[in-house]
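Asks: Numbering (our numbering), first residue to last: 2 to 298.
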Amino acid sequence: MGLWVDTDFGFDDLWAFLVLEAEGIEIDGVSLVAGNSQLKQVHSNAFGAIKHFGFSWPIFKGAEGPLLRPLETAEKILGPKGMRSRGKFLPLAQSSPVEEALPALETWLDSEGPKDVLAIGPLTNLALAYQAFPDKLQRLRTLTWMGGSRGRGNHTEHAEYNAFADADALSTVLQHGAPLWVVDLELCRQVSFGPSDMPTIEDRLLADLLGGYLDIALLRGRQQMAIYDPIASLAVIKPSLIKFQRINLSVHTENDSQYGKTEFDLEQPANASIGISVDTKISRQICMKALKQRKNQ
Numbered sequence: 002m003g004l005w006v007d008t009d010f011g012f013d014d015l016w017a018f019l020v021l022e023a024e025g026i027e028i029d030g031v032s033l034v035a036g037n038s039q040l041k042q043v044h045s046n047a048f049g050a051i052k053h054f055g056f057s058w059p060i061f062k063g064a065e066g067p068l069l070r071p072l073e074t075a076e077k078i079l080g081p082k083g084m085r086s087r088g089k090f091l092p093l094a095q096s097s098p099v100e101e102a103l104p105a106l107e108t109w110l111d112s113e114g115p116k117d118v119l120a121i122g123p124l125t126n127l128a129l130a131y132q133a134f135p136d137k138l139q140r141l142r143t144l145t146w147m148g149g150s151r152g153r154g155n156h157t158e159h160a161e162y163n164a165f166a167d168a169d170a171l172s173t174v175l176q177h178g179a180p181l182w183v184v185d186l187e188l189c190r191q192v193s194f195g196p197s198d199m200p201t202i203e204d205r206l207l208a209d210l211l212g213g214y215l216d217i218a219l220l221r222g223r224q225q226m227a228i229y230d231p232i233a234s235l236a237v238i239k240p241s242l243i244k245f246q247r248i249n250l251s252v253h254t255e256n257d258s259q260y261g262k263t264e265f266d267l268e269q270p271a272n273a274s275i276g277i278s279v280d281t282k283i284s285r286q287i288c289m290k291a292l293k294q295r296k297n298q
């Protein structure tokens, strides 16, 4: 599998990388995008994860903000580091000079083999790529995106965060006919965990970060936290766990209270596939196993 991951590197992004690693998936490249936090913090999280977990994939610098609007991060929920913790955080690491994402992505598309992209943040980098070299992106077999919602939002009443962060980018990707497979909030909410599901994790830092992630729900009076980006990773590597349906996807890009709202329509011509159900038990087991098998660093 030729896999490229585009990420704004919050905790559930890290969790998705751990799932991919546990399942033996090689990653050809990782492009970073501002979203959960400013791009500088996204870089810090990525290099901190490499230092602590020993990842070896190459990192590339992506967009510092949305196509047309100022960046609105998720730091009011996730904190200044883009992820919460009950104690330890990712270590500070020396950020090596990194190349720009678009030339690297273009070079990757020119190489041999099947091409799949997993996007677990705002779609800014992919939109810029479609604007710059749309013909080469015809080589993409799938673009799997964690984003949007058939129901309520999680950043605003109407919008899921990754769609809200750059709805214009999602619109651009759709206009270019991307082979889009959508893992939305409603699908991810089918796979959740609570305090009684917390696994025994030898790696103390990882345990603290997982606890901080669960606290996002607990502090809001909810006893279960949905598993987001790891489910999107399973859509790429274990698609049999998820039932997809062809659908027409559009996004609200007017500058009003509904900015980023995604609409899914069965009556209009299909332009995307949406995950509608998931094997909850097996998916949760795979996600938790990826955490439990990490040894103390």
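Glycine included, C-beta positions come from ideal geometry on N, C-alpha and C.
1) Could you tell me the boundaries of the beta strand (DSSP E) in which MET147 lies?
2) How big is the Cα-Cα spacing for GLY152 and GLN269?
3) Applying the criterion that 16 or more other CB atoms from any shown protein chain within 10 Å of the CB defines a buried residue, is GLY55 buried or exposed?
4) Decide if GLY276 is buried, meaning its Cβ has at least 16 other Cβ atoms within 10 Å, or exposed.
5) Grab the span of the alpha helix (DSSP H) containing ARG190 for me, first residue to last.
6) For the alpha helix (DSSP H) containing ASP13, list its first residue and its last residue.
7) Just how far apart, CA to CA, sit THR143 and ALA179?
8) In the DSSP output, which residue or residues are listed as bridge partners for ARG247?
9) Report the option in GLN225, SER258, LEU219, SER284 whose CA atom is closest to the CA atom of PRO240.
10) Three-state secondary structure (DSSP) at SER32?
11) State the start and end residues of the unbroken alpha helix (DSSP H) segment that holds ALA168.
12) Assuming ASP167 contacts LEU68 under a Cβ cut-off of 8 Å, what Cβ separation, rounded to an integer in Å, is found between them?
13) Thinking VAL31 and PHE61 are a contact (beta carbons under 8 Å), I'd like their distance in whole angstroms, please.
14) Among residues of its own chain, excluding the 5 on either side of LYS137, which ones have a beta-carbon nearer than 8 Å to its beta-carbon?
15) Closer than 7 Å by C-beta to LEU267: which residues in its own chain qualify, once you throw out the five before and the five after it? Chain order, please.
16) How about VAL184 and ALA128: are their beta carbons less than 8 Å apart?
17) Applying the 10 Å Cβ sphere with the 16-neighbour rule, what's the burial state of VAL201?
18) Comparing C-alpha positions only, which one of ASP169, GLU113, ILE26, SER57 sits nearest to ASN256?
19) I need the DSSP call for GLU255, collapsed to helix, strand or coil.
20) Could you pull the start and end residues of the beta strand (DSSP E) that PHE48 belongs to?
21) In chain order, which continuous runs of the alpha helix (DSSP H) of length 4 or greater are located wholly inside the stretch 47-130?
22) For ASP13, I'd like the list of residues in its chain whose CB is within less than 8 Å of its CB, leaving aside the five on either flank, ordered along the chain.
23) Note down, in chain order, each residue of its chain lying with its Cβ closer than 6 Å to the Cβ of PHE134, except the 5 sequence neighbours on either side.
24) For a test of the three-state rule: what should DSSP assign to ALA227, helix, strand or coil?
25) For THR8, list the residues DSSP reports as bridge partners.
26) Decide if ASP204 is buried, meaning its Cβ has at least 16 other Cβ atoms within 10 Å, or exposed.
27) Assign PRO104 to one of two classes, buried (16 or more other C-beta atoms within 10 Å of its C-beta) or exposed (fewer than that).
28) According to the neighbour-count rule (16 or more other Cβ atoms, all chains shown, within 10 Å of its Cβ), is GLU101 buried or exposed?
29) What's the C-alpha gap between GLU113 and VAL279?
30) Closest by CA to ASP7, which one among ASN37, ALA75, ALA291?
31) Quick one: what does DSSP say ASP216 is sitting in, helix, strand or coil?
Replies: Quick look at the numbers:
1) 141-147
2) 19 Å
3) exposed
4) buried
5) Taken as a continuous stretch (DSSP letters only), ARG190 belongs to no alpha helix (DSSP H), as it is neither H nor E.
6) 12-23
7) 8 Å
8) SER274
9) SER284
10) strand
11) 168-176
12) 6 Å
13) 7 Å
14) GLU107, LEU110, ASP111
15) ILE248
16) no
17) The residue asked about is misnamed: residue 201 is Thr in this sequence, not Val. THR201 comes out exposed.
18) ASP169
19) coil
20) Segment 40-54 is the alpha helix (DSSP H) holding PHE48; no beta strand (DSSP E) there.
21) 76-79, 102-111
22) ILE121, TYR214, ILE228, TYR229, ASP230, PRO231
23) GLU107
24) strand
25) LEU33, ILE121
26) buried
27) exposed
28) exposed
29) 32 Å
30) ASN37
31) helix
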